[in-house]
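Visitor:
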Amino acid sequence: MARVRVYKSTDELSSEAREIAEKIVDTRKSLDGPFSVWMHAPEWAERVAHLGTLVRWEGTLELRTRTLAALVVGRHFKAQYVWGIQGVIGDERGVPRATIDAIRDENSDGITPEDLEIIDFTRQLLRNNRVEESLAKAVMDRLGADEYVQLTTCIGYYCMLAMTVNGVELEPDPAHEELKV
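What follows is the structure, given as structure tokens:
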């Protein structure tokens, strides 16, 4: 059970919060996930939604690359909600099931070298708060400075989501895969 009220509908909110929530629902189709609790702080929810749109849909970084990073973050933080939704998105974006399973199991079995580079970059940043120079250079050479920064920002965004859902004990969607760790 969540530690704070989970808002299911914009009708449950104050008029100020409802206005913000309706904008969020217009772009996300629902008030699910962390936004269901961020509505306790509507201005924060609005700003996070704006950042989330940028991180999730805009920019030049491949959507599949973003998903790989999000899966690693979800696994690292054992964030059930993040893991569950990113598993669905991973399937939609062509991330092989073997890669998703390897991320879940924290190994590298069956992962292509290109995907492993992104996964290892994300793992190192999360585990060590730094990335080894050789790996950082390889990712920079592959992505360029713009997408390198987009990747690190994407990782940070998903860390924020993971910490939010874990901190409030937000229940994952029962239809999504459970992260068994």
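Numbering of the sequence shown is given in the numbering used here, commencing with residue 18 and proceeding in unit increments. Glycine included, every Cβ here is placed at the ideal spot set by N, Cα and C.
Give the range of the alpha helix (DSSP H) segment to which T27 is assigned.
Guide: No alpha helix (DSSP H) holds T27; DSSP gives it neither H nor E.
Visitor: Which residue wins for smallest C-alpha separation from A87, given the options H67, D126, D137?
Guide: D137
Visitor: Which of the three DSSP states is assigned to V185 in this structure?
Guide: coil
Visitor: Taking a contact to mean a Cβ-Cβ separation below 8 Å, would you say V185 touches R20 in this structure?
Guide: yes
Visitor: Please report how far the alpha carbon of G69 lies from the alpha carbon of D108, in whole angstroms.
Guide: 20 Å
Visitor: With distances taken from CA atoms, which of R64, A153, L152, L168 is nearest G76?
Guide: L168
Visitor: Would S96 be called buried (16 or more neighbouring beta carbons within 10 Å of its own) or exposed?
Guide: Note on residue identity: the sequence assigns Ala, not Ser, to residue 96. It is buried - the Cβ of A96 has at least 16 other Cβ atoms within 10 Å.
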